[in-house]
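Residue numbers (numbering that gives the first Met the number 0): 0 to 236.
Note that the Cβ used here is the ideal one computed from N, Cα and C, for glycine as well.
Everything below concerns the one structure shown next.
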Amino acid sequence: MRRAALLGVAAITYLLAAWMVAPGFYDGFGPQQPYNWTCPPPQAGANIKPSSGHLDVNVINGQSEPSSAYTQDGQVVIGFLPGAFDSTGKTMISVDITPLPTCPQPKGLRLVTNVYQITATAPLMLPSSMSMLYSNLEPQPDDVYRADDPDGPWRSIGHASSAPPFVIITSTTKLGYFAAGYKNSSPASGAVVVGGGQLLPIIVAVLIVVVVLAGLPMAVLRRRRASGGVEEETEDA
């Protein structure tokens with residue numbers, strides 16, 4: 000009886016905590032790396048501005064070497080294959096990743112990461128893979144979007160079907176401005192949206208509570224049977 004009651008209290012406590020804390024509680028008990036925002040959301044608390052990145056790609060025998068450029072905080076990484084750049088007449092190619100100081104929100108889109116400008120002193124010739132970190136304080140992005148100008152137009156360049164938690168992976172054949180996000184649409188009528196639509200953990204917690212509470216009467220009955228009806232005999236006396 001006592002063990003069942005403790006399980007019930009623990010399940011109810013988990014459910015209440017899940018409703019009260021910031022989104023991301025359900026994603027695991029390990030701490031996520033804090034996201035460095037250009038425009039932090041109100042629930043972000045203390046914030047460090049995002050970092051930039053620089054890479055010099057060597058050109059050997061007329062071909063650019065394989066390499067990766069990344070921001071110092073690791074929020075954006077882009078990898079280049081051998082010969083990824085048009086290196087005609089060059090001995091070195093410079094790549095820069097710069098977080099935009101503003102936070103554009105294109106019509107019809109909701110960008111949930113910083114906007115980053117990626118430039119190089121030579122055009123790309125081959126597709127390059129890119130990964131972007133996103134925060135658990137915003138809904139999960141559906142795609143990575145690219146533009147030639149911060150004011151748009153922004154176009155989806157897709158994403159890989161699998162990636163580590165809080166990372167979205169894509170590839171691009173052109174440099175420019177990049178951000179991860181999703182098409183802006185209203186939630187379905189009557190839908191409960193918590194932490195970017197993460198309903199499954201709440202449903203699981205509710206089921207745990209229901210199962211535990213449903214088992215309490217059975218636990219009480221078993222205890223009474225085990226006691227051999229001592230309580231009834233006492234009352235008759």
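Straight through space, the alpha carbons of Thr87 and Ser50 are spaced by roughly 31 Å. For the segment 57-144, not one full-length alpha helix (DSSP H) segment reaches 4 residues or more. Ranked by Cα distance from Ala179, the first of Ser127, Leu108 and Ser160 is Leu108. Judged by their CB atoms, Ile77 and Ser93 are not nearer to each other than the 8 Å cut-off. Residue state for Ala43 is assigned as helix, using DSSP reduced to three classes. A Cβ-Cβ separation of about 16 Å leaves Gly52 out of contact with Tyr34 under the 8 Å criterion. In this structure, Asp142 places its C-beta atom within 8 Å of the C-beta atom of His158.
Under the three-state reduction of DSSP output, Ala179 falls in the strand class. Between Pro81 and Pro100, the gap from beta carbon to beta carbon reaches 8 Å or more. Cβ neighbours of Thr172 within its own chain (closer than 7 Å, five residues either side excluded): Leu123 and Pro126.
When secondary structure is reduced to three states using DSSP, Ser184 falls in the coil class, being assigned neither helix nor strand. DSSP, read as helix, strand or coil, puts Asp150 in coil. Under the DSSP assignment, Thr171 falls in the beta strand (DSSP E) whose first and last residues are Val166 to Thr171. Residue burial is scored here from C-beta neighbours: Thr118 has fewer than 16 other C-beta atoms within 10 angstroms and is therefore classed as exposed.
By the neighbour-count definition (other C-beta atoms within 10 Å, threshold 16), Pro152 is an exposed residue. For the set Thr90, Ile47 and Val75, the Cα lying nearest the Cα of Asn60 is the one of Thr90. Close CB contacts of Tyr133 within its chain, under the 8 Å cut and outside five residues either way in sequence, are with Tyr34, Val111, Thr112, Gln139, Pro140, Phe165, Val166, Ile167 and Ala179 (chain order). Spatial neighbours of Asp85 in its own chain (CB-CB distance under 7 Å, excluding positions within 5 residues in sequence) are listed in chain order as Ala121, Pro122 and Met124.
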